[in-house]
Every structure is written in C-alpha cells, then in structure tokens.
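Structure first, commentary second.
Chains as they are written, first to last, in the numbering used here: chain E, 1 to 297; chain R, 1 to 297.
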C-alpha cells in the first residue's frame, strides 16, 4: 500500500491552503451522499504543469455537465500552481475536486442558497520524475476486458468512480495493470471497446492508430488529444477515431492505454499476448513523442 | 431549503455516537474520491423501525455487490435503533452509509490493510408523523420522464446518485415531484420505464398493478415488496412484475411511486393528467394497506 501523506502536507481546502490534518468534509457533504462532484488530475514536471488550460477547460465542461455553478476553472488552475509552489514539488500530480458541498439535510433535490460556493479541494501527490530517456521502452503490462457498467455520460469527469475502481482492482487481482471496458450501447447490437478504467485505449492495426471517438461514451482524454496531435503533425501516423471490438483489440498488432500520468503498452489481454508480447514500435514512437512534449513544455 | 441539523445532533460516526459538529470525513475518504460506498434509509414510526431486517439484508447485498467486507449489517441495524433511542425521536428516517474510508493516497486500485474496517455513518432525520387516517388520499404530484443514464447495477444501493439527484431537481424545476427513468437496455430495441429517481414505479392498467421486475435494473424496493404483498394477500389485486413503456405509463389508469418514506400518487406526466388527474381508487387502497402496516408494525 502507498504510504500516507504526512499530516503536515499542504492542501487546498475550506477556501485556503492548510495542512492535510486540518482539512476534512462535513458529514452531509454532497460529494459523499450523492457523488455530487467532478475532478481533474494535472501532472507537473520540473514544477511546471502540462496541458493546464485543457484541464481547466475540461473541468469547466464537467461542471456544466452537472449544473454546478460558482467556480472559475482558470482560478482553480492558478490555485493548483500556487499549491505546487508552496509544496515545493518538482514532480507531482495535482488532484482537483469540486463538490456541491454541505447543503444541509440529505435531499435528492438540489437547493442552493444565493451565496452558494462549491467545495474545492486540491491535493498534490509527489510522483517519480518522468523517464528522461525518451527512447526508452514505455512501461507495459497486461489488461483484462470487462463489461462497461458505468453511467452513459462518461464525457463528464464525475466522482462516480466506484465501477472503475472495482474494475482496476479486478485487473490487478488477475495480474494485469488495466481493465478495459466494452459496452453495447443503446440502439446497437454489438459491443465495442470504450476506454480503460482510468485511461483511453488505442490499438494499432496495419500501421494505423485507432481510438474510440469523442462522442460522450469516453472521457475526452487530454493525453489522448496530445497523442493524436503527435501522430498527425509529428509522426505522420495514420489514425482514425472509430469504434472497435474486443476481438479487434485482441487481434491488434499493438495496444496501449494513456492517462495524464503515463502511457502504458498493453502486451497481453487475459494472458494472451498482443503481437509478440512486447511494447511495439509504434507504441514506443508515440511514447517518445509524448515524453518529448512533456520535457519541452 | 430545509433547516440544517443542530450541531449537537447525535450521529454515529468515527466508531461511536457523537455530536454532528464532531463528525467529519478525511480528505482522502474513498466515499468522496470514488463514490465508493452504499447506503440505506430506514423509517421509524413511534420510535419503532419498519422493515428493519429487509433493510439490513439489502445493505449486506449492496456491500457484497461492491466487495466491501468487514461489517455485519445486523449490527448496523442495532446501532440504528440505539441512535434513535439516544436521539429520542418518535418519527424519523435513519440514513445508513458505509464507505471504504480513507485508505491513503488516491488510487483506483483498492488495497486494504489486514485490520480494515469500513467507515459507517448513521444520521437520524426527524420526519412528520405518518398520516394516521389510513383512508385519507395519498400525497400526489406530477412526474417527468427522463433518460436513465445511470450505471447498469441499480440493484446495488450505491452512493453514485449524481444523475438521480439531477433528475429529481429537473423534476422540481418542471413543477413535478418525481423524475421517472426510461432506458433502452443492451440487447433490446425499445425503451422501458425502470424506476424513479428515488422511488419504484407502479402503474394500474385494467385493474392490474404493474411494476418493473427485480432483474438488477431497479432497486429491489422494500416498500415495493410490502405493496406487492399487500396486493396479493390483503387486497386481492392482480399484479405482474413486468416491464412497460413510457406510452403505457401515460395511458395508465393510475400511476404511483413509492419509497421508504412515502407512497405518492402521480397524477400527471409532463403536465398531461393520468386518468382523471386525481389519486385513483387502487392507489388509495394500496396506500391505505401500506399505512395500516406501518401503524400495526
């Protein structure tokens, strides 16, 4: 298990910067009672944020998606930078969380006072420095495929992560590093791969990158966008945002998943190797481009 | 907005009974970070719980459903009774909440220590006494029908209530009292009514009661079971647990919804009256049987 943060870790909570030991939620916090909140995770390398504005913009979209007013996402980004400065981290990820807060006795009906302010929490977690050798092989591991039982608005980065957390845990119990969701959407009669429990999924087939379209059934991944941009403008890799099946994934030449924290080569699915069971050349090239962008930013 | 509970309200939290003002959650509580918890609401009338054992059994099922070990649901029921006694309430509802607690730095992967205990919270909310005149008309109001965007395991009474809370709020904005979900399930090509944002839904058609089967797409409602039992063994009302469409609901002779706290006649949908726009005779008879069971219990 990861070591707990020291109690004097500086976080942002209750409207200011304070030690973790002096931060908490009220018992009737709607973030608990109704999972009524959204979040972001932003990576910092050498004290600098990566893709800060896209994260702020996505937070604003998520807040709109759950009708949660009263917060300027760009101010959250500024507070995130301030937290990293105060904490003195070179390498970290900052967790941004916005919940509807404590609105009194538990009630499905949302009734907000005129002076309503959402409850903003920021926690910085130190991370290992990025692998500086961009030519190194990316981290790798196996995956399992599980039914996507989540809600239908996966474009909102909601706190409703219970099934994602259970899926990730099931993957680890199976000796894998990620659970990849497959789902039969309404109006269709075939299941498709959507995304991973905390990642977007790419496959490589005949030299082409494929990933699920940004149609609301997956999170509009920021690293996903960075990788597609690198494929188009830097690597000259053909790609398509289109759905594919679990069979397509298992038969792919390469598979990888990505999140804010890293790109991971998926070298087996349910124990069956993908390609030759090693991170493939396109995965490695994409990871190199990604690493260089972070180092250059 | 409902008045806040006084800070000296006795709750169960942190493993004992204490004033609300001395109860909180840790910042890394998984109940917030991952909506990683389940709940129940139990009604008390004249200091006595109604259907306590079914609530404890359903809590145990929900805990199994999210692989959350370490809690005896019958002990939760005992603590609930003790809370009501200490609070001195005659009429109340008690909210039971079990979350995975604070397991250290935020991680989708669930890793629990060997001495793991879930985080149990109990809050008692005073309620108005039950309408003692069992022959009185039930409360009534309108409903709206909205797309069921929730996850697919609605048999688990999960904290992932964000869409339910937003749906209830949309209903109230439309002048209605409940939002009723309709969903096209995988493998089907037609939408059916599932349940309400915080209720089970019944329609009356040609003298027969219809409600969605307990097949995992709805919460196995305890009041739902009580009403079906009353229909069968007391009222001699024909009923079927079968799906029906939004069109069926709109064309029904009567519609009502039920939860632990009350049965409500739905007298209009999107402003169009159901039947003659008044609580119907079967709804009223069912409500009478329900009220008598609570008064007799």
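Note that CB positions come from ideal geometry on N, CA and C, so glycine has one too.
Measuring alpha carbon to alpha carbon, tell me which of the options ends up nearest residue i.
i             : options                    : result
residue 205/R : 47/R, 232/R, 260/R, 253/R  : 253/R
residue 173/E : 209/R, 111/R, 135/R        : 111/R
residue 106/R : 78/E, 182/E, 114/E, 198/E  : 198/E
residue 209/E : 191/E, 225/E, 237/E, 189/E : 237/E
residue 7/R   : 14/E, 1/E, 28/E, 7/E       : 28/E
residue 144/R : 277/R, 296/R, 270/R        : 270/R
residue 155/E : 213/E, 167/E, 19/E         : 213/E
residue 290/R : 262/R, 276/R, 266/R        : 262/R
residue 9/R   : 114/E, 124/E, 239/E, 104/E : 104/E
residue 73/R  : 36/R, 85/R, 86/R, 118/R    : 118/R
When the distance is taken between beta carbons, is residue j closer than 8 angstroms to residue i?
i             : j             : result
residue 26/R  : residue 24/E  : yes
residue 241/R : residue 211/R : yes
residue 141/R : residue 264/R : yes
residue 42/R  : residue 94/R  : yes
residue 283/E : residue 256/E : yes
residue 221/R : residue 200/R : yes
residue 122/E : residue 294/E : no
residue 305/E : residue 244/E : This structure does not reach residue 305/E, given that chain E is present from 1 up to 297, and the question cannot be answered.
residue 91/R  : residue 133/R : no
residue 246/E : residue 182/E : yes
residue 32/E  : residue 32/R  : yes
residue 68/E  : residue 120/E : no
residue 40/R  : residue 168/R : no
Whole angstroms is fine: what's the gap from residue i's alpha carbon to residue j's?
i             : j             : result
residue 88/E  : residue 150/E : 37 angstroms
residue 80/R  : residue 116/R : 22 angstroms
residue 185/E : residue 153/E : 12 angstroms
residue 51/R  : residue 259/R : 12 angstroms
residue 161/E : residue 235/R : 43 angstroms
residue 108/R : residue 30/E  : 21 angstroms
residue 53/R  : residue 59/R  : 10 angstroms
residue 229/R : residue 1/E   : 48 angstroms
residue 102/R : residue 171/E : 22 angstroms
residue 34/E  : residue 159/R : 6 angstroms
residue 83/R  : residue 165/E : 32 angstroms
residue 139/R : residue 280/R : 12 angstroms
residue 196/R : residue 136/E : 53 angstroms
residue 227/E : residue 3/E   : 32 angstroms
residue 268/E : residue 146/E : 15 angstroms
residue 278/R : residue 207/R : 16 angstroms
residue 163/R : residue 77/E  : 27 angstroms
residue 288/R : residue 100/R : 40 angstroms
residue 98/R  : residue 11/R  : 14 angstroms
residue 274/R : residue 16/R  : 48 angstroms
residue 57/E  : residue 248/R : 42 angstroms
residue 61/R  : residue 114/R : 22 angstroms
residue 296/R : residue 239/R : 24 angstroms
residue 127/E : residue 85/E  : 15 angstroms
residue 5/E   : residue 55/E  : 24 angstroms
residue 285/E : residue 272/E : 23 angstroms
Use the C-beta contact count for residue i: other C-beta atoms within 10 angstroms, 16 or more gives buried, fewer gives exposed.
i             : result
residue 233/R : exposed
residue 148/R : buried
residue 190/E : exposed
residue 178/R : buried
residue 75/R  : exposed
residue 231/R : buried
residue 64/R  : exposed
residue 48/R  : exposed
residue 251/R : exposed
residue 276/E : exposed
residue 124/R : buried
residue 13/R  : buried
At a threshold of 7 angstroms, does residue i count as lining the ligand PLP (C-beta to nearest heavy atom)?
i             : result
residue 273/E : The model depicted lacks the ligand PLP and carries no ligand whatsoever.
Practice prompt. Quick one: which residues of the stretch 103–123 of chain E get their C-beta closer than 9 angstroms to a C-beta of chain R? List them in chain order.
Written response: Legend: CB atoms of the stretch 103–123 of chain E lying less than 9 angstroms from CB atoms of chain R belong to residues 103, 104, 105, 106, 107, 108, 109, 110, 111, 112, 113, 121, 123.
Practice prompt. Scan the stretch 3–15 of chain E for residues whose Cβ lies nearer than 8 angstroms to a Cβ of chain R and list them as they occur along the chain.
Written response: For the stretch 3–15 of chain E, the set of positions with a beta-carbon nearer than 8 angstroms to some beta-carbon of chain R reads 3, 4, 5, 11, 13 in chain order.
Worksheet item: Using Cβ-Cβ distances below 8 angstroms, what residues of the stretch 123–140 of chain R are close to chain E?
Response: Hits within the stretch, in order: 123, 125.
Worksheet entry | Under 9 angstroms (Cβ pairs) to chain E, residues found in the stretch 146–166 of chain R | So the list reads 147, 148, 149, 150, 151, 152, 153, 156, 158, 159, 160, 161, 162, 163, 164, 165, 166, given in the order they occur along the chain.
Worksheet item: What residues from the stretch 167–179 of chain R come within 7 angstroms of chain E, judged by C-beta to C-beta, listed N to C?
Response: Answer in chain order: 168, 169, 172.
Worksheet item: Any residues in the stretch 14–36 of chain R with a beta carbon nearer than 9 angstroms to a beta carbon of chain E? Which ones, in chain order?
Response: Correct list: 20, 23, 24, 25, 26, 27, 28, 29, 30, 31, 32, 33, 34, 35, 36.
Worksheet entry | Interface positions of the stretch 197–216 of chain E facing chain R (Cβ-Cβ less than 8 angstroms), listed along the chain | Residues passing the 8 angstroms Cβ filter: 197, 198.
Worksheet item: Going along the chain, which residues of the stretch 62–81 of chain R sit with their C-beta nearer than 7 angstroms to a C-beta in chain E?
Response: Per Cβ criterion, the list reads 66, 67.
Worksheet entry | Members of the stretch 183–198 of chain E that neighbour chain R once the beta carbon cut-off is set at 9 angstroms | Result list: 183, 184, 185, 186, 187, 188, 189, 191, 197, 198.
Item to complete: Give the residues from the stretch 259–274 of chain E that approach chain R closer than 9 angstroms (Cβ to any Cβ), ordered along the chain.
Response: Per Cβ criterion, the list is empty.
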